[in-house]
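Under the working numbering, think of the first position of the sequence shown as 182, with each following residue one higher.
Glycine included, every Cβ here is placed at the ideal spot set by N, Cα and C.
Down below is the structure, laid out as structure tokens.
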Amino acid sequence: MRVKSQIKGGERAKMSVVAIVGTQWGDEGKGKVVDLVSDRVDAVVRFQGGNNAGHTLVVNGKKHIFHLLPSGILHENMTCMIGNGVVIDPAVLIKEIERLEKEGIKITPDRLKISQHAHVIMPYHKALDNAREAKKGSKKIGTTGRGIGPCYEDKASRNGIRIHDLLKKEHLETKLKNILDEKNFMLQHYFKSEPIQFEQTLEEYFQYGKRLSDYVDNISLLLDEFIKQDKNIMFEGAQGTFLDIDHGTYPYVTSSNTLAGNICCGAGIGPGKIDKVVGVVKAYSTRVGGGPFPTELHDELGLHLREAGGEYGSTTGRPRRCGWLDIVMIKKACRLNGLDGIIITKLDVLTGLKELKISIAYRVNGQEIYDVPPDLEAFEQCTPVYKTLPGWNEDIRNIRTFSELPENTKLYLKTIEELVGVPIYIVSVGPAREETIILENFFKQ
Ligand code: IMP
182 MRVKSQIKGG
192 ERAKMSVVAI
202 VGTQWGDEGK
212 GKVVDLVSDR
222 VDAVVRFQGG
232 NNAGHTLVVN
242 GKKHIFHLLP
252 SGILHENMTC
262 MIGNGVVIDP
272 AVLIKEIERL
282 EKEGIKITPD
292 RLKISQHAHV
302 IMPYHKALDN
312 AREAKKGSKK
322 IGTTGRGIGP
332 CYEDKASRNG
342 IRIHDLLKKE
352 HLETKLKNIL
362 DEKNFMLQHY
372 FKSEPIQFEQ
382 TLEEYFQYGK
392 RLSDYVDNIS
402 LLLDEFIKQD
412 KNIMFEGAQG
422 TFLDIDHGTY
432 PYVTSSNTLA
442 GNICCGAGIG
452 PGKIDKVVGV
462 VKAYSTRVGG
472 GPFPTELHDE
482 LGLHLREAGG
492 EYGSTTGRPR
502 RCGWLDIVMI
512 KKACRLNGLD
522 GIIITKLDVL
532 TGLKELKISI
542 AYRVNGQEIY
552 DVPPDLEAFE
562 QCTPVYKTLP
572 GWNEDIRNIR
582 TFSELPENTK
592 LYLKTIEELV
602 GVPIYIVSVG
612 PAREETIILE
622 NFFKQ
């Protein structure tokens, strides 16, 4: 295996541009994957989402959680880029930079690059997100409350404030004044909540702009240069396929396109430049917030998976809903993203279960179907058709090769591979970087 952290003196791969995306409802463990291969990557790039994401990394026994900074930030040799498709809460980003600097990891402007065209999450976005959710009551989406949706709304309605708007005070002043008129009207008169103060917001966000100005760059141009110099680039998806605003379980989705196709628009490169698309599949399913979830376990087993897998949101701390692996969904994710291969994470969480189930079809209106139905009501009616497999009791966390795995673990993995129809590249058997089995290096040789 050629991941540098696992082999001594491994030769460097030729240039590759690889996309890592989630195949479920987020929280698949993408952060660990990006971190694992990041020794041989020159740039890690985020292209959508914001601080609704939470990547947990365990390095040398220490847990790190990032919401905005790309997972590669712990590797000092790497350039981390935040593309125009990301929505940035500058206070959160500054806090993450300062937290790492306190720990001795210097975030210099040549290591972190932020697109001048990324949209800024403003205080009224957060206020509106929370006010709307409260008004929806039991019909709420269960958003992270970070202002993601309202910020993307303003982007689409051309009312957004972008990173470069923070750099010129008079310009920011004019924009903010116009926008606040409308937002405060909504906040005060429709949602009956507190207005946002103009002077205070102007000063605060201008200061954020000043603090971040050295990091601001043209990401599309930078990526083009990296590609021309044959550098290895990794795109890090946030959330997952079924939270995609177009192809997910709308309206229980996030407000961006989470699919690999959005890399092009969210970072500014052409589709032909992406060499490989890799999907991250958690060995079981989880979801935070509302929306349908056919394989959800409402019993002791669901609670067991939550505790064994530490399934609490890294952004909001909310308990995640847990259930069996759903192959119907993974196959759809494979189609939507054009996956070349998959990575299985958190396999160790299943250790000790007598038997394991995988959903291979759904039953709806007396019929068996093999694809996720396009409309939400039909999806809500789907009950899973399961294939049952034997479990294993052996501790797999210290295993580093496929052949050493218990026979039933191998069977579980082989079944997934056969059903999905693309190869498994990596299997994660524990949270630490070294708790990993690498079956195939997905960098071009
Ligand atoms: P928003 O992205 O905060 O608007 O939330 C919309 C939906 O996406 C909610 O169900 C959230 O729980 C979910 N969501 C957003 N980000 C993540 C994530 O990183 N992991 C898992 N769920 C997420």
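Name, in chain order, the residues that DSSP records as bridge partners for residue i.
i	result
M367	In DSSP, M367 forms no bridge with anything.
E417	I201 and R227
H256	Beta-bridge pairing links H256 to no other residue.
F247	H236
S466	G504
V461	G203 and I524
M510	DSSP, once it has assigned bridges, lists no residue as partnering M510.
P271	Bridge partners of P271: none, in fact.
Y493	P500
L570	L537
D398	S296
C176	Any question about residue 176 goes unanswered here, given that the chain covers just 182 to 626.
I618	V608
A448	A448 pairs with nothing; no bridge assigned.
A613	V239
E477	G504
Please go through the same chain and pick out, in chain order, the residues whose beta-carbon is closer than 7 Å to the beta-carbon of residue i, but skip the five residues on each side of it.
i	result
K189	At K189 the pLDDT is 31, less than 50, meaning the model places this residue with poor confidence; the figure from the coordinates comes in the next sentence. Excluding sequence neighbours, K189 sits near nothing in its chain.
E209	G203, G421, V461, V462, K463 and T526
P475	D507, S540, Y543, C563, T564 and P565
A559	V545
G519	A441 and V458
E282	I288
E351	none
G547	none
L517	T422, H428 and L440
G471	K321, I322, G323 and Y433
Starting from the C-beta of residue i, find all residues in its chain whose C-beta is less than 8 Å away, skip the five residues before and the five after it, and write them out in chain order.
i	result
S186	At S186, the pLDDT of 35 sits below 50, so the modelled position is not reliable; the number obtained from the coordinates is stated separately. The residues are L217, D220, R614 and E615.
L368	Y305, A308, L309, A312, S374, E375, P376 and I377
G483	E477, R502, C503 and G504
Y606	V459, G522, I523, I524, I619, L620, E621, N622 and F623
P473	T430, Y433, L557, F560, E561 and C563
K316	F372
K409	none
L383	K350, L353, E354 and L357
E492	D208, T467, L486, P500, R501 and C503
Tell me which same chain residues have a C-beta within less than 6 Å of the C-beta of residue i, skipping the five on either side of it?
i	result
H256	S219
T569	E536 and K538
G611	D529 and R578
V198	I414, K454, I455 and D456
W206	G421, F423, L424 and R468
H236	G212, F247 and S252
I450	L404
D335	G341
A386	According to the sequence shown, residue 386 is Tyr rather than Ala. Cβ neighbours of Y386 beyond the five flanking positions: L347.
A489	V530
E192	Here E192 scores only 41 on pLDDT, less than 50, and its place in the model is too uncertain to base an answer on.
H298	N265 and R343
A200	F416, A441, I444, I455 and V458
V239	P612 and A613
I278	I288
L600	I508
E575	P587
G447	F228, Q229, G264 and G266
Does the beta carbon of residue i fall short of 6 Å from some heavy atom of the ligand ATP?
i	result
A315	In the structure shown, the ligand ATP is absent; the only ligands present are the ligand IMP.
Give a yes or no on whether the minimum CB-CB distance between residue i and chain B is below 7 Å.
i	result
D411	Of the protein chains in this structure there is only one, and it is not chain B.
>> I'd like to know if the stretch 269-289 and the stretch 428-443 are in contact, where contact means that at least 3 CB-CB pairs between them fall below 8 Å.
In response: Short answer: they don't touch.
>> Three Cβ pairs or more, each shorter than 8 Å: is that satisfied between the stretch 328-336 and the stretch 224-234?
In response: yes
>> In chain order, what are the residue ranges of uninterrupted beta strand (DSSP E) at least 3 long that sit wholly in the stretch 284-342?
In response: Fully enclosed beta strand (DSSP E) runs of 3 or longer: 293-296.
> Below 8 Å, can you find three or more Cβ-Cβ pairs linking the stretch 546-557 to the stretch 587-602?
Replying inline: no
> Is it a yes or a no for the stretch 281-294 touching the stretch 244-256, going by three-plus beta-carbon pairs under 8 Å?
Replying inline: yes
> In chain order, which continuous runs of the beta strand (DSSP E) of length 3 or greater are located wholly inside the stretch 525-565?
Replying inline: 536-545 and 548-550
> At a cut of 8 Å, does the stretch 328-347 reach the stretch 386-396 through at least three beta carbon pairs?
Replying inline: yes
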